[in-house]
Structure formats: structure tokens, C-alpha cells
Amino acid sequence: MIAAIAKEAEWRKDYLNEKVETIYFGGGTPSLLSISDLRLMIEKLKELFFFDENAEISLEANPDDITEEKLIEWKAIGINRLSIGIQSFNDVDLQWMNRAHNAQHAIECLKLATKYFNNITIDLIYGSPTLTDEQWKKNVEFAISFNIPHISCYALTVEPKTALDKLIIQQKKENIDVDKQAKHFESLMQWMKEVGYEHYEISNFAKPNYRSKHNSSYWKGLPYLGLGPSAHSFNGSSRQWNIANNALYIQSIENGDLNFEKEELTASQQLNEYIMTSLRTIEGINFLDDRWLMTDDKTKSKIILSAKKWEANGNVVLNEKILRLTDKGRFLADGIAADLFQL
Amino acid sequence: MLQTYIFAAVMKNIRNFCIIAHIDHGKSTLADRLLEHTHTIGVRDMMNQVLDDMDLEREKGITIKSHAIQINYPYKGEEYILNLIDTPGHVDFSYEVSRALAACEGALLLVDASQGIQAQTISNLYLAIDNDLEIIPVINKIDMDGAQIPEVTDQIVDLIGCKPEDILLASGKSGIGIDEILEAIVSRIPAPQGSYDAPLQALIFDSVFNSFRGIIVYYRILNGILKKGDKIRFVASGMDYFADEVGVLKLTMTPKEEMKAGDVGYIITGIKVAKEVKVGDTITLANNPGKMIHGFEEVKPMVFAGIYPVETDDFEELRDCMDKLQLNDASLTFELETSQALGFGFRCGFLGLLHMEIIQERLEREFDQTVITTVPNVGFYAYTSKGDKLSVNNPSEMPDPTKLDRIEEPFIRAQIISMPDYIGNIMTLCLGKRGILINQTYLTPTRVELTFEMPLTEIVFDFYDKLKSQTRGYASFDYSPIGYREADIVKMDILLNNEKVDALSALIHRSRAQEFGRKLCEKLKELLTKQQFQIAIQAAIGAKVIARENISAMRKDVTAKCYGGDISRKRKLLEKQKEGKKRMKQIGNVEVPQEAFLAVLKLD
Ligand SMILES: Nc1nc2c(ncn2[C@@H]2O[C@H](COP(=O)(O)OP(=O)(O)OP(=O)(O)O)[C@@H](O)[C@H]2O)c(=O)[nH]1
Ligand SMILES: [Mg+2]
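Protein sequences appear in the order of chains W and U. Read the first sequence against our numbering and you will find it ends at 343, with the numbers running on by one and no gaps. Read the second sequence against our numbering and you will find it ends at 947, with the numbers running on by one and no gaps.
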């Protein structure tokens, strides 16, 4: 697999023509990769692309893969940001979500990780049936107590056709209570504000200077290159994604012919993505953004007109410079974005 | 090679016939075999039920419109022209059958060998007898394992009083009995009668709209000769046109120099305006006019519903499409209607719910119209205390209760044929639908016919489905109107956040209102999506609320993750959502999806 990805990187080295500012090892369990493979990958990328000297290099890790030895090695090969899938500090909750680790693991690995890395982000999940309001508060307090500078908080989502979805349909597991999720989200925003985290994207909170550079570039519509099975790439006007099946991916590389699908985005699709991702961020739509400036006046006024409705009911802030969601509006981000879309 | 027969048709060598039967008894499949056997359709063009050429017909596997096609058939050294009309079997379309019959001298009456005589076998047979047609009874699908040839033979002998030897055996699927059928058509069905010298009289039995050719009219000539270029006149409308093209209906239209008494064919006159052609009118020559032929009874619609454009601006376009659709479907009636909720639209009359569904689908597919259809109802009569009689085809036409003397609702006579085992279930079902049992006869020891008088409104919605489930499919059903009777009908309104939605009002028997209101509110709760505020759904008769449901406000509508690999999928999802919203109607502050207006049809 590593060889295949390295090969893909070679083939596609001209996909990006700007300086590379971030690398993200994610999706699946890159923390299982051997150090030599990871090192090889980083070296390969540095050889092929032109890197910013302060590039953010993140690695996604499962709590049960983290050992002191690995942390030291990761640091040594240039990883400078860790993303740890903690999810919860509660065993009942972790079991319900079918996670391999337990609360004890989570705590120990954070203790270790903070010894070697200061740029750490953890994932927390709220709104599961097993998570009480008090436990949610404890989870957040725990995370803050470790002085973690970046926290991503996700509402538990049941994707259609997953095992969890089936269990819920068969009534073997309790369904999600959206009102509870809304309540958790509301308190979360309050707590994080009190301790000085910036709520810079719907699900992301950061201490000053600790925003994820990598994810921010998705929301800014910057180009990115994704390598490996199922990885998505974007060059500003077209998006493509590799075949998801591991074996078929490797096979396609071996055959010398990358297997991917591609879509060209029309102007209105580009605009819609811009609306959708910008609205998720604290900056919102800035009327000086290129994408906004290149939009024709008629379309712009249609969008503004729709936005006025949402302003009237307190879901967006709209002035001559920006259009962004209020805290209340963040609950309804998808519906608002869809409403502003142009078809 | 396909052989082409070129000869002048003499009347004695013409046979005009149609195929009639209960639904699904194999008419269109048998037609396939006749066309194949006579090389009317080449191997390359052949497919199953080739005459069912509308998308909807192929998809649903049923015939919706009659279809005429000409066959050349050599028999005993002579060349014959057989004009075949395949007809639909569904009860909603029985008017298509009656029009086809008017162009024929004979009919093949098919009976499915495994099912025997069913309700529409009988009703279509009576239609044919009323038109003095020669009936050729055919037991079809004899290839089936469940074929019961002796039993079905007895049933047919009983029903039409023929001799057992008169009944032909066939299978449209395996091609059994096709020669015998063709021979019987020539030897048993009389040739058309008429005079070439008399003034032209041609009965219009169908018309279609073609965007290139304009309106194409199908007719059967009773007397006289129609030549290309003739100046013709439609007797009832009094309008004159030129016969730009005349010809016969093969798989495609085949132009001819002239058409004569006995022939079935088409004429193109360049008419583009739908209203100028009326099925049932007579075509004659302007310089030598013949008399009007007795045409068809106007079809009476059984159910009414509003059809509205989703975008109010599209009303004119919709009107145009309705006009054109009416040309292809003379049974569709409509008049202007306005709704506070939906703006300008049409109150349409349909033959039944299947017909309504088909009209809506055809508008969408063939004419690219997105429409909203409102709650259907039957037509009532309201008598005011002043003694006026008003026709009420729409809840909004219902007079104020204080000015009302009484209301009458349409009744039908229902014939149900089933097995004795199911009599109990059928009785329970029909009595529960306010039916009155009129008669019960055993057609054979294992087949019983029950006759009920019932309010039409009770059978239009889900009666047939219920009947089928109560009898495990072993029941067939046919009905005909028998006039109006007094009934306690009330108008029930639906309110969304206290705003009355006129398009959701319904006319309903008082004894049904409470339950209907409750179910409708529940259904609407299911169909309306959460919005940012609470929505109250109420059903009310006058000021009295009889049912209520609440939809709580939407608290959360946001995806948790939106990273590189999520963006495209998410955008598509939201674009689809936006597309769906375009099809919604804003009522007060509530967005109502199209399905909600038809919620009433989906109640159980
Ligand atoms: N076994 C068998 N099946 C048949 C035969 N003829 C028709 N069928 C089947 O019966 C079904 C109905 O056939 P159609 O020819 O569409 O029947 P129809 O009478 O034209 O139906 P409507 O026009 O909707 O009233 C189809 O599934 C056919 O394949 C036959 O001779 N034998
Ligand atoms: Mg058919």
C-alpha cells in the first residue's frame, strides 16, 4: 500500500503548483503504520513537493495505538500535530459507540501525548443515548484540564446503512435524540467561550493560533491533493476521488493507471460549495472574497435577499462586509446554506 | 422479405374488429401474435405488447388507450383488410372500449382460461352487444397450468348463449389458435355496409396530438369517399378544413389517395387548436354534406380534483398542455379554478383514480409540467333552502350550511364476482362502506356475483385494493352510476398554524369526518418537514376542531463533519434539498410539499 501511495504521489506531483503548507495522515488508522513507512512517506513528499518550512504535519491516531516509543519516533520524523480519536471519557458511552479503547486508555494516552506534543487535537462525540448531560460536561472539562489546544466536537451521526443504523432500525439500540444533541451543542458553545476557545467552525474549537491549518484550507476552498484509496483531491474547479477499495486501488497503481472518478464543478456548484463551507466558519462569507467578487450582481442580490429572512429571525449576521451565522444559526447551518444555494 | 399487398379494398373484403376482455386477460399479447402472424410488423420492430406504445403503458404493463392498426390477410385466395383495435381492460377506461366498438362490426371477447369470466368481461360484453357486434368468444392463455377449459367453456356458454363449438381456444403467449382466430374474423364478422355514392359520413373515434403534424384524427367511414385535398367539415362544430393527408394506420401512418366507406383511418388537416376537434363528431364534405351520425355519450367524470402549476407563473403553459392532453384523452374534462393556497389552476374531472394518476404523470413526462394535484372528490348536488340546485365538484363550491337544504351524492351499482368463501369478507367491506346488498347469484357453484348499491365516494379511493386483499385477489369488480341520493355530507377544512388550506379541504360523509380528520392530520404530520417553528395541524368542520397534531420546531439541521472528502457529497445533498423546496408551496409561514396535497389518498 505504501509503495502504491508513493507511486501515486510521484505521478501526481504536478497536481499542486503552490507551496505545500500542510500534510494530514488520516482516514482509517495511519497510527498503525510502521515508523519506517511513515518516514518514507514524509521524505517522498518532501522530495516531490515544495514545502513551507512551517508546514503543519498531522497524524490521526487511535488512543490504543499510542505508546511513548511511538510518540518519540513520530516527533523525530517531523510529525508536529496529533489528532486523537478520544470520543468520550466514559466507558458505557464508548461501548455503545463500539470503540476499541476504554476511558482509562483515553486518559493515559493523553497524559503521554501531552508530554511530547503541544499541538494536539482530540475528537469528542456528544448526543449519544448513553451520554448524560452531566457526563458531557465532564468530558469537556476533562479535555480542557489537559490543556488540549484544539477540540473537535461532533454530534453523533448515524449514517444510513451502517451497522449502527440497522441496530437502531431493528430497535436494538436507542435512536438519537436530536433535542438532546441541540442541548449539548448549546452548552458546549457556552463552556468553550468561557475558557477562551474560539469556535472557528461548527464542530471545531481552538485556542488562539491553534486552528487546524489543514482543515481550514478545505473551508477556504484551497486546492488539495489526496493520495490513497478513496482520497479526494480538489484543484479549485474540479474534484476527483480515488477508488475506495484497497485491493483495486493497489491493482490500478500496479497497472499504471490510477482508478478515480472526477467531476468538473460548474460556476454555480463552486459558488454553492463556497457558501456551504464559508458559512460553517466564524468568518462566514466575506464580501471581499474572490469567489464572492466574481459572482454576478443578480446572483449576489438573490443570495442577500434570501439571507435577509434568516437575519430577521436571528440566525445570521448580515452587514455590508460579511454574512455569517449567529450561534443560534449554527444549529441550522445546512438548511440555511441550502436556502442560499443557486441552482 | 416482407410481402406487400397492393390492391383496392372492396368493402366485402374489410373486417373491422376489436379485442375486448377483463383487465390482463391477454388482449395486447394476442394482438402481438395476430400482427406477427400476418407480417404486419416485421421481426425487428416486434416486442411484447407492441401496441402499448406509451411509456406509461409499458411501465405499468396495462393498456391505457385503444390502439388501431391495419392487417393484410390473404384467405382462400382473396385479400382481406382487417382493422384491429386493441382496447384497455381497466374499469376507468371503459369509455375507450365503447368508442372502439363504434368503429367495428365484431369483437374478440377474450377470457383468461385460469380466471374465467370476470366483472369487466361481462360489462364489456354488454357494451359490444349494445353496439350489435358479432362476438367471437376466445378462451385465452390455455397454455397455463391452471387453465380450466371445460369450466370456462360452461361459463361462456351460459353468459352469451353460444354453442361450445363456437368458442375458440388460444394462447397469445405460445401462439396457439391464431389461424383459427384469423379465419373466424373473416368468416364470422360481417363486412361493413355503406355506400360509396352517399355523402361522406365518418365517425371520429379518437384523436391524438403530434407536435409536428398537429392534430391527427382517427375515424371510421360509414358512407362515401374521402380524398386527399378534399374540403371537409366537422358536422357538430361546423368548421371546414382541407384534408392535407389521409391514410391508414399501420405501425406508422401510411398515406393513401382516398379512403372509402368501411375503412378505418386517419386524417391530418393542420388543426392545431385542441378545442376544434371533438371525438364523436362526424366528418363530411363541405360541398356535399352528410348528416351527423349518432356519436358517443359524453363521458361523465367520476372524480374531480384540482391541478395546479407548482410555479404560479406557469399557469398559461399548463393550460396549453391540458388542451393538448385532452386531445389525446377526450375523457379528461377541466375548467378554471382558483385557490388561495395554490393560485390559478384547473378543476379536472377524471374517470377514476388511475386515470387521475395517469393524467398527472403524462403532464409531467410528456409535457414537462410539474403540477400539484389536490384532494379528489366525487361530484355532489347541493339544494339550497331557496330551492336552487347547485353542482358541487369542489369543496369551495359547498354553500354555507345555514343556506343549505340538503345534499345529494352519486350512487353506483357495484358488481363483484368472487368465490363463495369470501362472501362474508365482501359483505363486511361493502356494508362498512355504506353499501346496500341488492342481489346475490351463483354463476356456478364456485362463483358468486354480489350486487351492491353504494355511494361512489366510498369506492373511488381504496375500495379496490381492500377488496383484493379481503379476497386474496379472487374478486373482480365493476360499477356503473345509478343516480343521486340524499346524504349528510360536510366540508372538512385543514388548518396549518390557524391558516385554512383550501386545497386540502374535503367533502365527506359526517359519520366519516372524525376518523378521516384524525388520519389526515397524522399523515400530514408525517409529510411536513420540521421547520424553525412549531406547526399546528388541525382538522375542522366549520369552527369546530375535530382533530389536531403538532410538529415541534426543528432544533438542529447541521452536519457534524465537512472535510475534504465530504464537501462534494454534502453539496449534492443540499442542492437536492433546495430542488425539493422549489416544489413546495408556501402556505402562510409553512412550507408544504406536493405529496401533502395528496395525503388523503395514502390514508389507510
Ligand atoms: N401464460 C400466458 N400468459 C399470458 C398470455 N397472454 C398474456 N399473458 C400475460 O398476461 C399479462 C397481461 O397481458 P396483456 O396482453 O398485457 O393483457 P391485456 O388484456 O392487454 O391487459 P390490459 O390491456 O391492461 O387490460 C402479461 O403478463 C402477459 O405476459 C398467454 O396466452 N399465456
Ligand atoms: Mg392491453
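We put the CB at the ideal spot given by N, CA and C, even for glycine.
1) Please list, in chain order, the chain U residues whose beta carbon lies closer than 9 Å to that of V316 of chain W.
2) Could one say the Cβ of S911 of chain U lies closer than 9 Å to chain W's Cβ atoms, at least one of them?
3) Please find out if some non-hydrogen atom of ligand 1 comes closer than 8 Å to the beta-carbon of G695 of chain U.
4) Go ahead and label K913 of chain U buried or exposed: buried means 16 or more other beta carbons lie within 10 angstroms of its beta carbon, across all protein chains shown.
5) Out of curiosity, what's the CA-to-CA distance linking A450 of chain U and I363 of chain U?
6) Note down, in chain order, all residues in the stretch 887-907 of chain U with a beta-carbon under 9 Å from any beta-carbon belonging to chain W.
7) Counting only C-beta atoms, is L871 of chain U closer than 9 Å to chain W at any point?
8) Hey, would you say the C-beta of A513 of chain U is under 8 Å away from at least one heavy atom of ligand 1?
9) If distances are taken between C-alpha atoms only, which option among U:F806, U:Q783, U:P480 and U:G778 comes closest to P798 of chain U?
10) Cβ of D429 of chain U within 8 Å of any heavy atom in ligand 1?
11) Does ligand 1 have a heavy atom nearer than 8 Å to the CB of G459 of chain U?
12) Rank W:F260, W:S237, W:I125 and W:F185 by C-alpha distance to the C-alpha of S268 of chain W and give the top, closest one.
13) Tell me, which residues are paired with I336 of chain W by DSSP?
14) Any heavy atom of ligand 1 closer than 8 Å to the beta-carbon of D743 of chain U?
15) Starting from N893 of chain U, follow its DSSP beta bridges and name the residues at the other end.
16) Just verifying my parser: in three-state terms, what is the DSSP assignment at F859 of chain U?
17) Per the DSSP calculation, V20 of chain W is bridged to which residue(s)?
18) Chain U partners of E263 of chain W, CB-CB under 8 Å?
19) Please list, in chain order, all residues of the same chain as A462 of chain U whose beta carbon is under 6 Å from its beta carbon, the five residues on each side excluded.
20) Just checking D549 of chain U against ligand 1 - is the residue's beta carbon closer than 8 Å to any of the ligand's heavy atoms?
21) At a cut-off of 8 Å, is I405 of chain U close to ligand 2 when judged by its beta-carbon and the heavy atoms of the ligand?
22) What do you get for F331 of chain W, buried or exposed, if any count of 16 or more other CB atoms within 10 angstroms of its CB means buried?
23) If we ignore side chains and look at the alpha-carbon of each, how far apart do K180 of chain W and W136 of chain W end up?
24) Is it the case that the CB of S371 of chain U approaches a heavy atom of ligand 2 more closely than 8 Å?
25) Mind checking A4 of chain W: buried by the 16 CB within 10 Å criterion, or exposed?
26) Relative to chain U, which residues along the stretch 287-317 of chain W have a C-beta separation below 7 Å, given in chain order?
27) Taking a Cβ distance cut-off of 8 Å, strictly less, list which residues of the stretch 874-888 of chain U are near chain W, in chain order.
28) Give the DSSP-derived three-state secondary structure of F710 of chain U in the structure shown.
29) With DSSP run on the structure shown, which of helix, strand or coil describes I510 of chain U?
30) Starting from Q463 of chain U, trace the beta strand (DSSP E) in both directions and tell me its first and last residue.
31) When the Cα atoms are used, what is the spatial distance from S911 of chain U to M294 of chain W?
32) Which residues in the same chain as K843 of chain U place their Cβ atom closer than 7 Å to its Cβ, once the five residues preceding and following it in sequence are excluded?
33) Is the beta carbon of Y15 of chain W closer than 9 Å to that of G235 of chain W?
34) Against Q458 of chain U, what residues of chain W qualify as contacts under a CB-to-CB distance less than 9 Å, listed in chain order?
35) Of all the CB atoms in chain W, is at least one closer than 9 Å to the CB of K868 of chain U?
36) Flag M41 of chain W as yes if its beta-carbon sits less than 9 Å from any beta-carbon of chain U, otherwise no.
Checking against the coordinates, here is how it stands:
1) Counting from one through the first sequence, the residue named residue 316 of chain W turns up at place 316. Ordered by position in chain U, no residue passes the 9 Å Cβ test against V316 of chain W, which lies about 13 Å from the chain.
2) Counting from 1 along the second sequence, the entry for residue 911 of chain U is found at position 568. Yes - at least one Cβ of chain W is within 9 Å of the one on S911 of chain U.
3) Translated into positions along the second sequence, residue 695 of chain U becomes position 352. Checking the Cβ of G695 of chain U against ligand 1 gives no.
4) Along the second sequence, one-based indexing puts residue 913 of chain U at 570. Using a 10 angstroms sphere on the CB of K913 of chain U, the tally of other CB atoms reaches 16 or more, which defines it as buried.
5) Indexing the second sequence from 1 puts residue 450 of chain U at position 107. Indexing the second sequence from 1 puts residue 363 of chain U at position 20. Spanning the two alpha carbons is a distance of roughly 7 Å.
6) S895, M897, R898, K899, D900, V901, T902, A903, K904, C905, Y906 and G907: these are the residues of the stretch 887-907 of chain U whose beta carbon lies less than 9 Å from some beta carbon of chain W, given in chain order.
7) Position 528 of the second sequence, counting from 1, holds the residue named residue 871 of chain U. Contact with chain W is absent for L871 of chain U, since none of that chain's Cβ atoms lies less than 9 Å from the residue's Cβ.
8) Taking the second sequence and counting its residues from 1, one reaches residue 513 of chain U at position 170. At least one heavy atom of ligand 1 lies less than 8 Å from the C-beta of A513 of chain U.
9) Counting from one through the second sequence, the residue named residue 798 of chain U turns up at place 455. Nearest C-alpha to P798 of chain U among U:F806, U:Q783, U:P480 and U:G778: U:G778.
10) Translated into positions along the second sequence, residue 429 of chain U becomes position 86. Distance from the C-beta of D429 of chain U to the nearest heavy atom of ligand 1 is below 8 Å.
11) Taking the first residue of the second sequence as position 1, residue 459 of chain U is located at position 116. Using a cutoff of 8 Å, the CB of G459 of chain U does not count as near ligand 1, since none of the ligand's heavy atoms is closer than that.
12) Position 268 of the first sequence, counted from the first residue, corresponds to residue 268 of chain W. The residue with the shortest Cα to Cα distance from S268 of chain W is W:S237.
13) For the purposes of this step, residue 336 of chain W is taken as the residue at position 336 of the first sequence. Residue pairing of I336 of chain W in beta bridges, as defined by DSSP: absent, with no partner found.
14) Translated into positions along the second sequence, residue 743 of chain U becomes position 400. No, since every heavy atom of ligand 1 falls outside the 8 Å radius drawn around the Cβ of D743 of chain U.
15) Sequence index remark: in the second sequence, residue 893 of chain U carries index 550 (1-based). Beta-bridge analysis with DSSP links N893 of chain U to U:A879.
16) Position 516 of the second sequence, counting from 1, holds the residue named residue 859 of chain U. Judged by DSSP in its simplified three-state form, F859 of chain U adopts helix.
17) Here the question's residue 20 of chain W lines up with position 20 in the first sequence. For V20 of chain W, which the question treats as bridged, DSSP gives the partners W:F51.
18) Here residue 263 of chain W corresponds to residue number 263 of the first sequence, with the count starting at 1. Per Cβ cutoff of 8 Å: S911.
19) In the second sequence, counting from the first residue as 1, residue 462 of chain U sits at position 119. So the qualifying residues of the chain are Q758, I760, S819, F820 and D821.
20) Translated into positions along the second sequence, residue 549 of chain U becomes position 206. Checking the Cβ of D549 of chain U against ligand 1 gives no.
21) In the second sequence, residue 405 of chain U corresponds to position 62, counting from 1. Yes.
22) Taking the first sequence and counting its residues from 1, the one referred to as residue 331 of chain W is at position 331. With 16 or more neighbouring CB atoms inside 10 Å of its own CB, F331 of chain W falls in the buried class.
23) Along the first sequence, one-based indexing puts residue 180 of chain W at 180. Along the first sequence, one-based indexing puts residue 136 of chain W at 136. One C-alpha to the other measures close to 11 Å.
24) Here residue 371 of chain U refers to the residue found at position 28 when the second sequence is read from its first residue. Because some heavy atom of ligand 2 lies under 8 Å away, the Cβ of S371 of chain U counts as near it: yes.
25) As a first step, residue 4 of chain W must be located in the first sequence, where it is residue number 4. Here A4 of chain W is buried, its C-beta having at least 16 other C-beta atoms within 10 Å.
26) Cβ contacts with chain U: N313.
27) Listed in sequence order: Q875.
28) Walking along the second sequence from the start, residue 710 of chain U turns up at place 367. Under the three-state reduction of DSSP output, F710 of chain U falls in the helix class.
29) As a first step, residue 510 of chain U is located in the second sequence; it is residue number 167 there, counting from the start. Three-state DSSP puts I510 of chain U in coil, outside helix and strand.
30) Reading the second sequence from its first residue, position 120 is the one you call residue 463 of chain U. Element bounds for Q463 of chain U: not the beta strand (DSSP E) but the alpha helix (DSSP H), A462 to D473.
31) Translated into positions along the second sequence, residue 911 of chain U becomes position 568. Translated into positions along the first sequence, residue 294 of chain W becomes position 294. Near 21 Å, if we compare the C-alpha coordinates of M294 of chain W and S911 of chain U.
32) Indexing the second sequence from 1 puts residue 843 of chain U at position 500. These residues qualify, in order along the chain: D836.
33) Numbered from its first residue, the first sequence carries residue 235 of chain W at position 235. Numbered from its first residue, the first sequence carries residue 15 of chain W at position 15. Going by the sequence as given, residue 235 of chain W is Asn instead of Gly. Going by C-beta atoms, N235 of chain W is nearer than 9 Å to Y15 of chain W.
34) Here residue 458 of chain U refers to the residue found at position 115 of the second sequence. Here the premise fails: no neighbours, minimum Cβ distance about 39 Å.
35) Within the second sequence, the letter at position 525 stands for residue 868 of chain U. It does not; no Cβ of chain W falls within 9 Å.
36) Counted from its first residue, the first sequence places residue 41 of chain W at position 41. Taking Cβ atoms only, chain U never reaches closer than 9 Å to M41 of chain W, which makes this a no.
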